[in-house]
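Enquirer: Line order of the protein sequences matches chains S and W. Quick note on numbering: the first sequence equals residues -16 to 218 in my numbering. Quick note on numbering: the second sequence equals residues 4 to 277 in my numbering. Glycine included, every Cβ here is placed at the ideal spot set by N, Cα and C.
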Amino acid sequence: MQSIGEAFSIAIALVLSGDSDLLAIVFLSLYVSVTATLIACLLGFPLGALVATRRFRGRGVLLVVMNALMGLPPVVVGLLVYLHLSRAGPLGFLGLLYTPTAMIIAQTILIMPIVAALSRQVLEDLHGEYAEQFRSLSLTPIQTIQALVWDGRFALLTVALAGFGRAVAEVGAVMIVGGNIDHLTRVMTTAIALETSKGNLGLALGLGIVLMVIALGVNAAVHGLRLTARRHAYV
Amino acid sequence: MKPTDVLCAAVMALMVPIPVQAADSILVQSTTSTANSGLYDHLLPAFSEATGIKVRVVAVGTGQAIRNARNCDGDVLLVHAKSAELAFVRDGYGTSRSDLMYNDFVIVGPLADPAGIKGQSNASTALRAIAQSGELFASRGDDSGTHKKESALWQDAGVDAIAASGAWYRETGSGMGATLNAAIGMGAYTLTDRATWIGFGGKADYGILAEGDAALFNQYGVIPVNPAKCPTVHAEAAQTFVDWLLSPTGQTAISTYEVDGQQLFFANAKAGGS
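1) If we require 4 or more residues per run, which alpha helix (DSSP H) segments fall completely within the region 196 to 250 of chain W?
2) Output needed for F220 (chain W): all residues of its chain with C-beta closer than 7 Å, excluding positions within five of it in sequence on either side, in chain order.
3) Using the Cα positions of L77 (chain S) and D94 (chain W), report the straight-line distance between them to the nearest angstrom.
4) Whose Cβ in chain W lies nearer than 8 Å to the Cβ of T211 (chain S)?
5) Report buried or exposed for H83 (chain W), applying the criterion of at least 16 other Cβ atoms within 10 angstroms of its Cβ.
6) Could you check whether T36 (chain S) and L143 (chain S) sit closer than 7 Å to each other, using their CB atoms as the reference points?
7) What residues in the region 223 to 246 of chain W have a beta carbon less than 8 Å from any beta carbon of chain S?
8) Let me see if you follow: with CB-CB separation under 7 Å, is R149 (chain S) close to chain W or not?
9) Does the distance from the CB of D3 (chain W) to the CB of V236 (chain W) come in under 7 Å?
10) Name the one or two DSSP bridge partners that A62 (chain W) has.
11) DSSP state of M86 (chain S), grouped into three classes?
12) Within a Cβ cutoff of 6 Å, which residues of the same chain sit near F50 (chain W), ignoring the five residues on either side of it in sequence?
13) Identify every residue that forms a DSSP beta bridge with P113 (chain W).
14) Is the CB-CB distance between D116 (chain W) and L183 (chain W) below 7 Å?
15) Of the choices S:M86, S:L106, S:A85, S:V59, whose alpha-carbon is the least far from that of F28 (chain S)?
16) Compute the distance between the beta-carbons of I226 (chain W) and L80 (chain W), then report whether it is under 7 Å.
17) Taking the C-alpha atoms as reference points, what is the distance between F269 (chain W) and Y260 (chain W)?
18) Spell out whether any CB of chain S is found under 7 Å from the CB atom of A181 (chain W).
19) Taking R103 (chain S) as the reference, give the member of S:A130, S:V(-2), S:A32 with the closest Cα.
20) Considering only the alpha carbon of each residue, which of W:F203, W:T243, W:E214 lies closest to V262 (chain W)?
21) Does any CB atom of chain W fall closer than 7 Å to the CB of R70 (chain S)?
22) 7 Å is my cut-off, CB to CB: does I164 (chain S) come that close to chain W?
23) Can you name the start and end residues of the beta strand (DSSP E) that Y96 (chain W) belongs to?
24) With a threshold of 16 other CB atoms inside 10 Å of the CB of S86 (chain W), please say whether the residue is buried or exposed.
25) Would N271 (chain W) and T98 (chain W) qualify as a contact pair, given that the criterion is a beta-carbon distance under 7 Å?
26) So, does the region 27 to 38 of chain W touch the region 165 to 183 of chain W, judging by three or more C-beta pairs under 8 Å?
27) What does G215 (chain W) touch in chain S if you count any residue whose Cβ is under 7 Å from its own?
28) Could you check the C-alpha separation between P56 (chain S) and L66 (chain S) for me, to the nearest Å?
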C-alpha cells in the first residue's frame, strides 16, 4: 500500500511544520483526556478500594456491573451525555453541549468503570497480603484505604494509563457531544475521522501516527516517573 | 503525589477558561457536504469579518442535523431535504425556510463500468441497469438528504432495493465520505452530491458515470431556529447570518467558491424565501 508510506512522510511533515492548528488539536486532546483520567481516578480509586476492602450486601452484583461497564461503547456514552446536555435535556440549561467540558464528562463516564474495576482487582490482591497486619494495627477503614492506595500506587499508575489510553483513543463519544467543531472541540480522533470522510486517507493515517506518538510519549513519561520514584524508594 | 495534590490538579485543570458560546457566536447544524467541501472555510471568514459574529459548525447528516436543531442545539439549520425542512418550519422549530443554493447529485462508479451506465443521463434507467446487472450499490442508509434522494430515485426506477439489502444493495449507515470510501473499497456504484465528489481526496479509479437528470437536482435550504420554540438561540445573530447568506454579497461568495477550477454550489436565493 502506497498510503502507509505516504502517511509516515505526512506525519513527519506535520510534526516538523509545527502547524498551530495541529498543536491546538493535540493540546485539546491531551487536555480533555488527561482531565477525564484525573477525575476518573479521583472517583474510581476510592470506589475500587471500597469494594476491595469491604464486604457488604450486593457486592457481587456491583462487581459484575463494574466489570461489565468496562465494555461501555463510546457512542452509547456519547448519546447518553448528549441527551442530558442537549438544550432539550434535563441539564440543557448549563449550555455545556459542544464544549470541551462536555467531552471531559463523556470520557470520564467512559473510563471510570475501567479505573474502578482494575483498581479493585489490584487493591484486593494487595489487601489479601496485608489484611492481618492492618487488623493488628487496628487501622480505620479510611486509613486502610489510604495505606492500600499508597502502597499500590505504581500498579494504580498503570490502571490510570489504561484509562487514559481508552479516553484518548475513542472517537464515538467526543464526536457526538463535542461536535468536532473547528478551533473549539476538534481533537485528534475526530480530526482523523473527518479526514477519512474527506477521502484524505494519507493525512488521516498521518494524524493517527502523531496520536500514537503522543500516547507513546505520555506512557514513556509515566514510566520514567515510576523508575525515578522506585529508585528513591529503595535507596 | 498525595491524593490532595491530584485533587488540586484536577480542580485547577477544570478552571482553565473554557470558551463558552458567547452571544456573538452562533452554531450551525449543517449537512456534511457543505463542510467537507470547504465551502464554510471560504464563506465564514468573510462573514465574521463583516459582522464580528463567529460561526461554529457541527457537520452531520441532514437527518441528524434536523434532530439536533429540534432539540434546540443550534441557531441555524443548513441542510438539503426540502420536505423535511418544510416540516421543521411547519412544526414551529424554524422561523422561515429559504432556498440558498443548489448543485446536483451524480452516480459514481468504477471507470470499468461493469453495469454499463456510462453516459446515461436518465437516473432511473441507470439505477435499473445497476440493479439488473447485480453489481454492488452502496447506499448511505442514514436518513440523510442524499439517502432520501436516493430512496426516491429507486422508487422512480421501480426497483425494491431494500429487498436486496445485504446482497447487491449495501447500506453503510454512514456519512458521504465514509460511503465513498466503502464503495471504492468494494467496487460498488453510489450516489453522491457533486461537491463532495469533487472535493473527495481518494477517488482511485472512480469517476462520474451518470449525471444531468433533472431528478438529480439538489437544493440546499437555510432556516433560522425559532426563538419562540427555543428561547436559548441567538436569534438576532442567526438572522444576521441567514440574511448575509441570502444577500448579494453572500450569494456571490457562494458562487465564486471553486475546487480544482470547478464551481461547487450555485447560489439561487430569491427574495422572500419559500
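Expert: With the given structure in hand:
1) 197 to 202, 238 to 249
2) Y105, D107
3) 26 Å
4) By Cβ distance, chain W contributes nothing, its closest Cβ being about 13 Å from T211 (chain S), past 8 Å.
5) buried
6) It is worth fixing the name first, because residue 143 (chain S) is Ala in this sequence and not Leu. Not a contact, by the Cβ cut-off of 7 Å.
7) C233, T235
8) no
9) In the structure displayed, chain W extends from 4 to 277; residue 3 (chain W) sits before or after that span and is not available.
10) W:S33
11) helix
12) W247
13) W:Y209
14) no
15) S:L106
16) yes
17) 9 Å
18) yes
19) S:A32
20) W:F203
21) yes
22) yes
23) Where Y96 (chain W) is concerned, there is no enclosing beta strand (DSSP E), given that its DSSP letter is neither H nor E.
24) exposed
25) no
26) yes
27) None at all; the shortest Cβ gap to chain S is about 24 Å.
28) 16 Å
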